[in-house]
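If you read the protein sequences in the order shown, they are chains A and B.
Take 1 as the starting number for the first sequence in this note's numbering and just add one per residue.
Take 242 as the starting number for the second sequence in this note's numbering and just add one per residue.
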Amino acid sequence: MNLYKYASPATFYPLAGKMIPFFAITSAILFAAGLYWGFFIAPTDFQQKDAYRIIFIHVPAAWMAMLLYVLMAAYAGIGWAFNARLSSMMASAIAPTGTLFTLISLVTGALWGKPTWGTYWVWDARMTSTLILFFLFIGFISLQSAIDDPRRADRAGAVLALVGVINVPIIYFSVQWWNTLHQGATIRMLGKPTIAAPMLTALLIMLAACWLYSVAVVLIRLRCIILEREQNASRFAEVGV
Amino acid sequence: MLLDSRRLGFNMNWPDLSMSGYGFYVWGSYIFSLVLIVWEVVSLKQRKKALTQQQSSNTVPASVLRGSANETTS
């Protein structure tokens with residue numbers, strides 16, 4: 001089986017169409033399960049009471065924002081280096097969803113900050129670097145929209161996306177590098193998590209739901225971009241869709 | 242009870258809707274996220290619908306274009 005054929009927008013278009021229902025339905029089921037677990041099974045925190053339940057949307061959104069930025073930069077870089085149109089289109093498709101998750105992360109973080117820290121916003125390292133991530137996403141979308149030629153727009157977007165990748169480790173390690181108001185990591189790659197098992201379960205289910213949701217909407221947007229960019233859009237509708 | 246949560250190894254708690262007095266912040270977070278997610282899905286559906294309508298006015302037959310459908314790069 002030649003997997004390289006799926007690097008062509010025309011071949012990937014029908015495949016994406018077949019994958020979307022699976023990701024969308026699984027994501028909806030996991031969102032329901034995650035919210036049920038987070039609100040009905042996870043116990044009330046002894047210190048933050050029920051305010052901590054914001055964690056089930058805030059943390060997955062923040063993780064997704066960083067992950068989607070790295071993916072967007074990787075696809076943009078591959079598209080630029082190998083002149084692969086589908087990769088560049090994928091980067092363009094990821095950007096709005098990344099922006100959405102960054103905004104969710106910032107707003108829910110502010111709403112969590114008020115009852116726990118007494119303020120919606122401080123110019124703390126973690127929050128400031130996340131705000132920069134939001135501006136990087138907006139900048140990528142704006143730059144691509146401002147250039148009429150899609151290939152030039154892809155190249156310009158790729159440069160911005162690749163330069164901006166430096167911000168992702170800054171966000172991740174900001175709580176270790178600087179003395180910030182934001183709490184440290186409760187889930188580590190190495191070592192035991194410092195969070196109760198029912199809370200961790202809800203968090204991981206919501207993370208999986210956000211991940212599958214992202215795949216579904218990115219694929220839907222990718223199909224729209226393919227249709228928009230190809231001059232003869234009708235062939236995608238008629239060739240095996 | 243058919244489905245006893247304690248038998249399944251966890252306790253099911255009915256959440257306090259006031260969220261210990263933090264309802265505005267907790268529900269505000271979830272409602273804001275829901276609105277954004279619904280907006281994204283609806284706007285994508287509208288975009289797809291507009292493209293489909295545009296597509297239906299395009300009369301170029303697929304058989305003519307099929308030959309160039311396997312290009313990988315530009």
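Yeah, the Cβ is synthetic: ideal placement off N, Cα and C, and Gly gets one too.
Keep in mind that this is a model prediction, so the values were computed, not measured.
Starting from residue i, follow the alpha helix (DSSP H) in both directions and report where the run begins and ends.
| i | result |
| --- | --- |
| B/THR293 | 264-297 |
| A/PHE12 | 9-36 |
| B/MET260 | From DSSP, B/MET260 is part of no alpha helix (DSSP H); its letter is neither H nor E. |
| A/GLU230 | Run containing A/GLU230: none; DSSP gives neither H nor E here. |
Could you tell me the alpha carbon to alpha carbon distance between residue i and residue j, rounded to whole angstroms?
| i | j | result |
| --- | --- | --- |
| A/ALA7 | A/ILE226 | 12 Å |
| A/LEU103 | A/LEU111 | 12 Å |
| A/ALA91 | A/PHE46 | 43 Å |
| A/LEU160 | B/TYR266 | 35 Å |
| A/MET199 | B/ASP257 | 17 Å |
| A/ILE54 | B/SER298 | 47 Å |
| A/ALA197 | B/SER284 | 37 Å |
| A/LEU68 | A/ALA209 | 14 Å |
| A/ARG229 | A/PRO150 | 8 Å |
| B/SER274 | A/SER174 | 25 Å |
| A/ALA33 | A/TRP211 | 14 Å |
| B/ALA310 | B/LYS290 | Confidence is the limiting factor: at B/ALA310 the pLDDT is only 44, short of 50, which leaves the residue's position unreliable and the question unanswerable from this model. |
| A/LEU143 | A/ALA156 | 7 Å |
| A/ALA95 | A/TYR36 | 30 Å |
| A/TYR4 | A/PRO14 | 15 Å |
| B/TRP280 | A/GLY38 | 24 Å |
| B/SER270 | A/THR108 | 5 Å |
| B/THR293 | A/ASP148 | 22 Å |
| A/TYR213 | A/ALA28 | 8 Å |
| A/LYS49 | A/THR116 | 10 Å |
| A/LEU100 | B/ARG288 | 17 Å |
| A/LEU133 | A/VAL168 | 8 Å |
| A/GLY271 | A/LEU86 | In the structure as shown, chain A begins at 1 and stops at 241. Residue 271 of chain A is therefore absent and cannot be evaluated. |
| A/PHE135 | A/PHE40 | 36 Å |
| A/PRO9 | A/ALA158 | 19 Å |
| A/PHE12 | A/PHE56 | 34 Å |
| A/ALA146 | A/THR130 | 24 Å |
| A/ALA65 | A/ASN2 | 32 Å |
| A/ASN83 | A/ALA76 | 10 Å |
| B/ILE272 | A/ARG221 | 24 Å |
| A/ALA81 | A/MET89 | 14 Å |
Put residue i into one of helix, strand or coil per three-state DSSP.
| i | result |
| --- | --- |
| A/ASP50 | helix |
| A/LEU181 | coil |
| A/ASN167 | helix |
| A/THR97 | helix |
| A/THR130 | helix |
| B/PRO256 | coil |
| A/ASP154 | helix |
| A/THR108 | helix |
| A/GLY77 | helix |
| A/GLY139 | helix |
| A/GLY118 | coil |
| A/ILE220 | helix |
| B/ARG307 | Because the pLDDT of B/ARG307 is 45, which lies under 50, any placement of that residue in the model is unreliable, and the question is left without a value. |
| A/THR194 | coil |
| A/ILE147 | coil |
Which residues does DSSP list as the beta-bridge partners of residue i?
| i | result |
| --- | --- |
| A/ASP124 | Note: A/ASP124 sits in no beta bridge, so no partner. |
| A/ASP45 | A/LYS49 |
| On the three-pair Cβ rule with 8 Å, is the segment 206-224 of chain A touching the segment 18-36 of chain A? | yes
| request: Say whether the segment 117-127 of chain A touches the segment 163-182 of chain A, bearing in mind that this needs 3 or more beta-carbon pairs closer than 8 Å, one atom from each stretch. | output: yes
| request: May I ask you to verify whether the segment 163-175 of chain A touches the segment 56-70 of chain A, counting CB pairs closer than 8 Å and requiring at least 3? | output: yes
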